[in-house]
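A.B. asks: FYI, numbering that gives the first Met the number 0 numbers position 433 of the sequence shown as 432, with every residue one higher than the one before it.
Note that beta-carbon positions come from the ideal geometry of N, C-alpha and C, so glycine has one too.
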Amino acid sequence: MACHNFSFLEKYDMLANIKSGGTFLLASPFEPEEVWEKMPDEVEQQIIDKKLKFYVVNALKLDHELNLGGRINTVMQTAFFKISGILPEAEAIEALKKAAKKTYGKKGDAVVKMNWDAIDAASNAVKRVEYPAQPAGKVKKPAVVADEAPEFVKVVTAEIMAQRGDDLPVSKIPNDGTWPTATTQWEKRNIATEIPVWDPDTCIQCTQCSLVCPHASIRGKVYAPSCLKGAPETFKSVDAKGVIGKAFPGFKYTIQIAPEDCTGCGLCVQRCPAKNKADPSKKAINMAPQFPLRTPEAANWKFFLGLPEADATKLNPTTIQGSQLKRPLFEFSGACAGCGETPYLKLLTQLAGDRLLIGNATGCSSIYGGNLPTTPYCTREDGRGPSWSNSLFEDAAEFAFGMRLTADKLNGYALELVDQLTAAEQAPAALKAVAQKIKETDQKSGEGVEAMRTLVAELKRLIGDGSCCATCKSLLSVADYLVRKSVWAVGGDGWAYDIGYGGLDHVLASGRNIKILVLDTEVYSNTGGQASKSTPLGAIAKFAASGKGQMKKNLGMISMTYKNIYVAQVSLGANPAATVKAFAEAEAYDGPAIIIAYSHCIAHGIDMVDGLERQKVAVETGHFPLYRYHPELAAQGKNPLQLDSKAPTQSFAETALKENRFKQLLKLNPDAEAMLQKAEKQFKDNFVMLQALANLPQS
Ligand SMILES: Cc1ncc(C[n+]2csc(CCOP(=O)(O)OP(=O)(O)O)c2C)c(N)n1
Ligand code: SF4
Ligand code: SF4
Ligand code: SF4
0 MACHNFSFLE
10 KYDMLANIKS
20 GGTFLLASPF
30 EPEEVWEKMP
40 DEVEQQIIDK
50 KLKFYVVNAL
60 KLDHELNLGG
70 RINTVMQTAF
80 FKISGILPEA
90 EAIEALKKAA
100 KKTYGKKGDA
110 VVKMNWDAID
120 AASNAVKRVE
130 YPAQPAGKVK
140 KPAVVADEAP
150 EFVKVVTAEI
160 MAQRGDDLPV
170 SKIPNDGTWP
180 TATTQWEKRN
190 IATEIPVWDP
200 DTCIQCTQCS
210 LVCPHASIRG
220 KVYAPSCLKG
230 APETFKSVDA
240 KGVIGKAFPG
250 FKYTIQIAPE
260 DCTGCGLCVQ
270 RCPAKNKADP
280 SKKAINMAPQ
290 FPLRTPEAAN
300 WKFFLGLPEA
310 DATKLNPTTI
320 QGSQLKRPLF
330 EFSGACAGCG
340 ETPYLKLLTQ
350 LAGDRLLIGN
360 ATGCSSIYGG
370 NLPTTPYCTR
380 EDGRGPSWSN
390 SLFEDAAEFA
400 FGMRLTADKL
410 NGYALELVDQ
420 LTAAEQAPAA
430 LKAVAQKIKE
440 TDQKSGEGVE
450 AMRTLVAELK
460 RLIGDGSCCA
470 TCKSLLSVAD
480 YLVRKSVWAV
490 GGDGWAYDIG
500 YGGLDHVLAS
510 GRNIKILVLD
520 TEVYSNTGGQ
530 ASKSTPLGAI
540 AKFAASGKGQ
550 MKKNLGMISM
560 TYKNIYVAQV
570 SLGANPAATV
580 KAFAEAEAYD
590 GPAIIIAYSH
600 CIAHGIDMVD
610 GLERQKVAVE
620 TGHFPLYRYH
630 PELAAQGKNP
640 LQLDSKAPTQ
650 SFAETALKEN
660 RFKQLLKLNP
670 DAEAMLQKAE
680 KQFKDNFVML
690 QALANLPQS
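1. In three-state terms, what does DSSP make of V125?
2. Please determine if the region 588 to 598 and the region 506 to 523 are in contact, where contact requires at least 3 C-beta pairs separated by less than 8 Å.
3. Under a criterion of Cβ closer than 7 Å to any non-hydrogen atom of ligand 2, which residues qualify, in chain order?
4. Please say whether P248 and A298 have beta carbons closer to each other than 8 Å?
5. Does any heavy atom of ligand 3 sit closer than 7 Å to the C-beta of P307?
6. Mind checking whether the beta-carbon of I284 lies closer than 7 Å to any heavy atom of ligand 3?
7. For a test of your reading of the model: does the CB of Y343 fall under 7 Å from any non-hydrogen atom of ligand 4? Yes or no.
8. Closer than 7 Å to a non-hydrogen atom of ligand 4 - does that hold for the CB of T206?
9. From D670 to G265, what does the alpha carbon distance come to, in whole angstroms?
10. Could you pull out every unbroken beta strand (DSSP E) segment of at least 3 residues lying fully inside the region 361 to 420, listed in chain order?
11. Can we say the region 574 to 582 touches the region 534 to 547, given the rule of at least three CB pairs closer than 8 Å?
12. How big is the Cα-Cα spacing for L692 and E619?
13. Quick check: is any heavy atom of ligand 1 less than 7 Å from the C-beta of I498?
14. Considering just the uninterrupted stretch of the alpha helix (DSSP H) at W35, what are its terminal residues?
15. Excluding five sequence neighbours on each side, which residues of the same chain lie with their C-beta closer than 7 Å to the C-beta of K677?
16. Check whether the Cβ atoms of S19 and K52 lie closer than 8 Å to each other.
17. Looking at A530: is its Cβ nearer than 8 Å to the Cβ of R660?
18. By a C-beta neighbour count over all protein chains shown, 10 Å radius and 16 as the cutoff for buried, is E340 buried or exposed?
19. So which of K657, E586, A567 and M674 has the shortest CA-CA distance to L689?
20. Can you give me the start and stop residues for the beta strand (DSSP E) that D670 sits inside?
21. Count the other C-beta atoms from every protein chain shown that fall within 10 angstroms of the C-beta of P134, then say buried if there are 16 or more, exposed otherwise.
22. Where H699 and G337 are concerned, what is the direct C-alpha to C-alpha distance, given to the nearest angstrom?
23. Please identify the residue among Q681, M451 and I462 whose C-alpha is closest to the C-alpha of K552.
24. Could you give the residue range of the alpha helix (DSSP H) that holds A652?
25. Can you give the Cα-Cα distance for C724 and S216, rounded to whole angstroms?
26. Secondary structure at R460, three-state DSSP: helix, strand or coil?
27. Return the bridge partner residues of K220 from the DSSP annotation.
28. I'd like the span of the beta strand (DSSP E) that includes N66, first residue to last.
29. Find out if the Cβ-Cβ distance for the pair V56, A124 is shorter than 8 Å.
30. Output yes if chain B places a C-beta closer than 8 Å to the C-beta of H214; else output no.
31. Hey, out of P224, N189 and L306, whose CA is closest to T294's CA?
32. Looking at ligand 3, does it come within less than 7 Å of G219, judged from the CB to the closest heavy atom?
33. Could you give the first and the last residue of the continuous alpha helix (DSSP H) run that contains A26?
34. Determine the direct distance from the alpha carbon of A495 to that of Y628, and round the result to whole angstroms.
35. Taking 8 Å as the cut-off, decide whether the C-beta atoms of T206 and N275 are in contact.
36. Does the beta-carbon of G621, which I'm using as the reference point, lie nearer than 7 Å to any heavy atom of ligand 1?
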């Protein structure tokens, strides 16, 4: 029996099925002398009772030394063969090396060598643990969820998390299919072996770490110094400075990590632009082993969550810092560590989460967005947050459109009733005044939406139970629809470019206020990486085994031809400021909008820690140009198309080879180089066309 992640000892009954006298191999961040002090007593008792042969291998150390990027499978396989004795050791090592060459040969010699090094090192690193006759009595297995979790989470969610979902009686399951939100916070997956540690003195308070984190596990807050009363001893803070300091003079600033929710993907550290002057190898956040930090940082995280939210009106919400000081309403999803899709969704919830309705296509975003047992969409303090549902793969645009039409119909009806109120002679003056203000309130901005909420609350207060007249009674039932709803259809490129394209086009052509977010991984990620019409020329994917033969479909350009659709191509890795702006503009635009968001993915065959860098390269080669097409600019006599990236400065044919999806082409297709050159030329031509469009004089 092998356990490849130390934290699983706390979560699962790893040794339930091991035979007496069996062998247990643990990937441990601890050496044999110290591991007994760190494991839960319950696990140690099983080891003692079953008289197990117990081995550890410090896979984390090897991962670091050999630069394995978190992939410890080869280390663990080698350790298995070493201690199982199935084959003589030398023979096993030879067979493993042969298998590594066969498996990773396509990925290049460097990857093969890395695996061979891992095999040699692991063989020496696996060590037997001589354990005492008693558990150490230092660590107890924690409860599945914390005691302060809501009743439903304890009774239903926790049971599914503990793999006992099959035993739940049907009577405990919600009978209308509605599941509570904000439940990922109770999972505490603890899967990161390393987490970021913040250095307040080096930090330049740019909040980019928060922006790019796929898991909402690193956040910033600005607050009055008095809030620090009662802070845990290790809680860090610093005077707010720069843009944030200007907006909040005399305030304190903190970047805090959620140690048990962080996946250890490293994207935040990769993105951090600040350098420690004393030690330039260090940034303002640096990775360090999670285990010793877990307890103190968990206390800090709890304290951090209790700090008040900043006054959102003091910073422009369409900027990076302005968006990042708002609480994300999408957190700790089960997406792959370092996923390129999730930061966009998180950003959307920061900009409009309080009024968001999402119709989600099937794909990765429906799986991490709403699979059981937990839900990553959550609410802000007043209980407002996104409403989310998934219907099918192919119908998300139409599904969301239904939400739009419903919200519009109810809004129209509510406004009719408001009109009746203002016209009614017998209506009290105070009620009429509120009704009049409701009619005049502009809800384009978040502030306008909040103003409308206050008016609706006042309206409801004045109406009371609605027994005064039929108009008030009806108005009470639909008054909430006076507040603007932001309706989005969300899905991947498989949905948007291919299977759901007919509906997507139809919905965009409706001219209604409906938004589309395409999380563009350029393949059907959730089902293992099949080619879509978004897959670029030359990329290897399933159903394109010798490289995709056609260019990537230009969905943005097609959408622009309608002239009244807001269209943006964005990349958080390449231009985060333009990304935030595009989301804010699309959301505020009173018409259809589509955002195509470049999303790196495990399916690209990259080291996920380099995901943002790969995004940047995709933009700098012209593979994924950035722009915003805003119909309102045309109405002002300006060119509606603004480019957010420059003409290609790097060779696509060369840089593409850093991604296995392109690199494999060299081995699998004799025309590989010509294909990549052709793609490079077409990307360049495409940019020239975009530039020409962006420079067209307007009549
Ligand atoms: C009509 C239909 N065909 C196929 C599927 C299986 N399926 C579910 S998700 C998915 C891939 C989704 O890919 P994409 O839209 O690119 O989203 P991603 O997973 O990349 O985010 C497929 C093929 C389905 N659910 N329905
Ligand atoms: S390591 Fe990854 S998951 Fe953890 S805080 Fe950084 S970006 Fe978020
Ligand atoms: S990215 Fe670095 S410099 Fe910017 S806020 Fe985060 S820790 Fe500070
Ligand atoms: S497969 Fe790709 S898109 Fe899906 S969760 Fe993983 S990284 Fe994200």
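C.D. replies: Taking the coordinates as given:
1. coil
2. yes
3. A191, I194, P195, C208, V211, C212, P213, H214, S216, I217, I256, C261, T262, G263, C264, G265, L266, C267, V268, A336 and G337
4. no
5. no
6. yes
7. no
8. no
9. 36 Å
10. 386 to 389
11. Contact between the region 574 to 582 and the region 534 to 547 is absent, because fewer than three Cβ pairs lie under 8 Å.
12. 19 Å
13. yes
14. P31 to K37
15. L536
16. no
17. With contacts defined by Cβ atoms closer than 8 Å, A530 and R660 do not form a contacting pair.
18. buried
19. A567
20. Careful: D670 lies outside any beta strand (DSSP E) and carries neither H nor E.
21. buried
22. The requested residue 699 is not part of the displayed model; the chain covers only 0 to 698.
23. Q681
24. F651 to T654
25. A query on residue 724 cannot be resolved here, the shown segment of the chain reaching from 0 to 698 and no further.
26. Note: R460 maps to helix in three-state DSSP.
27. T253
28. Element bounds for N66: n/a, residue is neither H nor E.
29. yes
30. No chain B appears in the structure shown, which is made up of a single protein chain.
31. N189
32. yes
33. Taken as a continuous stretch (DSSP letters only), A26 belongs to no alpha helix (DSSP H), being part of the beta strand (DSSP E) at T22 to A26.
34. 19 Å
35. no
36. no
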